[in-house]
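Asks:
So, in structure tokens, the structure goes:
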């Protein structure tokens, strides 16, 4: 048995995107205009499918 401590795998960075059409994400239905958090790979796929636009504006918190 090893005494090495286990390190959790790093969590992927998520980005908030705005849906341009209805989409089901993580088992939940969303409508156009809703925002969801996705990984870079998911964002690329959603863009290719036309679910989100290619250019997403950053959300301002203030």
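In UniProt numbering, the protein residues as written are 1 to 62. In this text, a Cβ means the ideal position worked out from N, Cα and C, and glycines have one as well. Predicted, not measured: the structure shown is a model, and the values here were computed from it.
By how many angstroms is the C-alpha of residue 18 removed from the C-alpha of residue 29?
Replies: 14 Å
Asks: As a quick exercise: from 33, 9 and 20, pick the residue whose alpha carbon is nearest that of residue 51.
Replies: 20
Asks: Quick one, which of 25, 48 and 49 has its alpha-carbon nearest residue 36's?
Replies: 25
Asks: Between which residues of its own chain and residue 7 is the CB-CB distance below 7 Å, once the five residues before and five after are set aside?
Replies: none
Asks: Could you tell me the boundaries of the alpha helix (DSSP H) in which residue 63 lies?
Replies: Residue coverage of the chain in this structure runs from 1 to 62, which leaves residue 63 outside it and unanswerable.
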